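Protein chains in written order, with this note's numbering: chain U, 1 to 95; chain F, 96 to 578.
Notes follow the structure.
This is how it looks when you write it as structure tokens:
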């Protein structure tokens, strides 16, 4: 599978990764090589095989719906790049 | 002192022939002497010595908890309250966790000392430790070669005897491959054995924490403290508590060892093969029998993994947005631009490559061709193991196709790098326990690892098989030259 430049840019947009125009070709080549490599999977017919998502499929625990965490806003927000009055600050999104 | 197993260090501490402060200081100075290895990202002597003083106080009061006062290094993927947890990435280069990972918490409760945080491939994505934002780690056996990865700092630290033991994590071989390259013992437990709470997520259905030590016995001792059910990890398995040390008592008489023909074929270095076969002869002398087995889908493990792991990673790493923690780009024009520049500047090349592959594999129109296809193959790979285990008790083979390679020799070829994990990846896909133990050196003096794979939750059998080999051989006691 050879990826074109537009596809690379679309993936980068979905992944929220800024890519310089000068790097698009390099990504196209590298990602295409990896996709060619993983497409070896097609050698095996998996028509009726049920996908395995997880080593413990279907065995996940449930717990009672109770409040178990205490409010730790201040300690959790210590690591935030910008905050004010207990809120995370981001660039303005509504004019 | 730096050659003593952790069981002996623990006994010395409880017998008060050495204090935790003395022991911690001793290893801190060894870390300083070996700074050129770049094995650690964070060392905070004040923090470690405060923990050591507390351990000494507890010992004075008669506390005999396992590992009390023993300094242990941690891969910088485990969250530690009050210390940096960077995951080898610029995007977490300023991150101080507000809580401890369960693995850390259990060791703290037992009185173990955090010796420092070890270097690693960024977000555990790599097989050479060269993707770390903090620079590559050098292999103590040959400073021109890589220590393996992603837990390269932990493996190098244990090999160089600058840490008595360390923790690591293994998503596709990240404990076993560096253990093989550095001549130490590295154990990846069954999926669900060790809590993933507070362990920075890479590929959640594959990630598993475990010990990197100088022997299987040390690994069992460390596991006794860190393993076991944790309600805070939804994939933690609820079972009876296992005493891994007590499980080391069985002989291997009659043990059926399966040798996958696919693990001894094309691409395997002849010296590695010869040395691994010599180790297998040792098992025969101990009364085990060797049986050829078939793992027909082995050659598709790497392609399967490089769809599933990047897919899970692209989802897990979506959380790094420059809003709640970590690095934020200094210049941006709006919110989306802030996300895009923060992530472009905060992540390294390999991490970005995998996020891109994963995003593509999960995107509309390609999901079935890549992600679902890989999950179907994953089932076939898991079934291959189930069928093999009808004929044998454990599976053995080389951990890696070659010994440690030169720094810089594979950084331009991602696929060549990925193929390093050709014998280790299938174990993660199936959720099985696996260990790498040192079984010899190649002609240039670089360590060679034997991998032992067990059935799901057959962790004690794997550790026991490794321990039996180490009881009658001394490869695990070999030290890197020049110290």
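For glycine and all other residues, C-beta sits at the position ideal for the given N, C-alpha and C.
What you are looking at is a predicted structure, and each value in this text was computed from that prediction instead of being measured.
- If the five residues before and after residue 437 of chain F are omitted, its C-beta is found closer than 6 Å to the C-beta atoms of 417, 423 and 424, all from its own chain and listed in chain order.
- Interface with chain U (8 Å Cβ-Cβ cutoff): residue 402 of chain F is included.
- Interface residue (Cβ-Cβ distance to chain F less than 8 Å): residue 5 of chain U is not classified as such.
- Distance check between residue 215 of chain F and each of F:198, F:262 and F:191 places F:262 closest, using alpha-carbon atoms only.
- In terms of Cβ geometry, residue 368 of chain F and residue 568 of chain F do not form a close pair [threshold 8 Å].
- What residue 329 of chain F touches in chain U, judged by beta-carbon distance under 7 Å, is 60 and 61, going in chain order.
- Leaving aside the five residues that flank residue 557 of chain F on each side, the residues in its chain whose CB is nearer than 8 Å to its CB run, in chain order, 282, 489, 528, 529, 530, 547, 548 and 549.
- For the options F:338, F:209, F:135 and F:161, the alpha carbon positioned closest to that of residue 249 of chain F is the one of F:135.
- Per the coordinates, the alpha-carbon of residue 291 of chain F lies some 25 Å from the alpha-carbon of residue 561 of chain F.
- Proximity of chain U to residue 515 of chain F at the Cβ level (cut-off 8 Å) is not reached, the minimal Cβ distance being about 14 Å.
- Residue nearest to residue 223 of chain F within the set F:189, F:273, F:239 and F:193 is F:273 (criterion: CA-CA distance).
- At a cut-off of 8 Å, the C-beta of residue 75 of chain U has a neighbouring C-beta in chain F.
- The DSSP-derived three-state label of residue 416 of chain F is coil.
- Looking at F:564, F:142, F:536 and F:544, the one whose alpha-carbon comes closest to that of residue 576 of chain F is F:536.
- Contact between the stretch 450-464 of chain F and the stretch 225-239 of chain F is not established, with fewer than three Cβ pairs separated by less than 8 Å.
- Here the alpha carbons of residue 294 of chain F and residue 486 of chain F stand approximately 36 Å from one another.
- In this structure, DSSP gives residue 151 of chain F a helical state, which the three-state scheme calls helix.
- With fewer than three CB-CB distances shorter than 8 Å, the stretch 251-270 of chain F does not count as touching the stretch 37-44 of chain U.
- Put simply, the CB of residue 67 of chain U is far from chain F, with every gap to its CB atoms at 8 Å or more.
- Identification of residues in the stretch 410-422 of chain F having a C-beta nearer than 8 Å to some C-beta of chain U yields 413, 416, 417, 418, 419, 420, 421 and 422, given in sequence order.
- Distance from residue 563 of chain F to residue 346 of chain F at the Cβ level is roughly 7 Å; contact confirmed, criterion being Cβ atoms closer than 8 Å.
- Taken in chain order, the complete beta strand (DSSP E) segments of 3 or more residues contained in the stretch 164-207 of chain F are 166-170.
- Taking 8 Å as the cut-off, the beta carbon of residue 169 of chain F is found closer than this to the beta carbon of residue 199 of chain F.
- Residue 290 of chain F carries a coil assignment under DSSP once its states are collapsed to helix, strand and coil.
- Between residue 208 of chain F and residue 143 of chain F, the gap from beta carbon to beta carbon is short of 8 Å.
- Unbroken beta strand (DSSP E) stretches of 3 residues or longer found wholly inside the stretch 200-261 of chain F: 208-213, given in chain order.
- In this structure, the beta-carbon distance from residue 167 of chain F to residue 109 of chain F does not fall below 8 Å.
- Membership of residue 451 of chain F in the alpha helix (DSSP H) is indicated by the continuous run 444-457.
- Residue state for residue 99 of chain F is assigned as coil, using DSSP reduced to three classes.
- Residue 361 of chain F sits exposed, since fewer than 16 C-beta atoms from the chains shown fall within 10 Å of its C-beta.
- Across the set F:314, F:275 and F:310, the C-alpha of F:314 shows the shortest separation from the C-alpha of residue 289 of chain F.
- Nearest C-alpha to residue 545 of chain F among F:552, F:574 and F:497: F:497.
- For the set F:554, F:111, F:252 and F:116, the Cα lying nearest the Cα of residue 340 of chain F is the one of F:554.
- Just so you know, the alpha carbons of residue 494 of chain F and residue 160 of chain F end up roughly 34 Å apart.
- In this structure, residue 524 of chain F keeps its C-beta atom at 8 Å or more from the C-beta atom of residue 434 of chain F.
- In the structure shown, the three-state DSSP call for residue 321 of chain F is helix.
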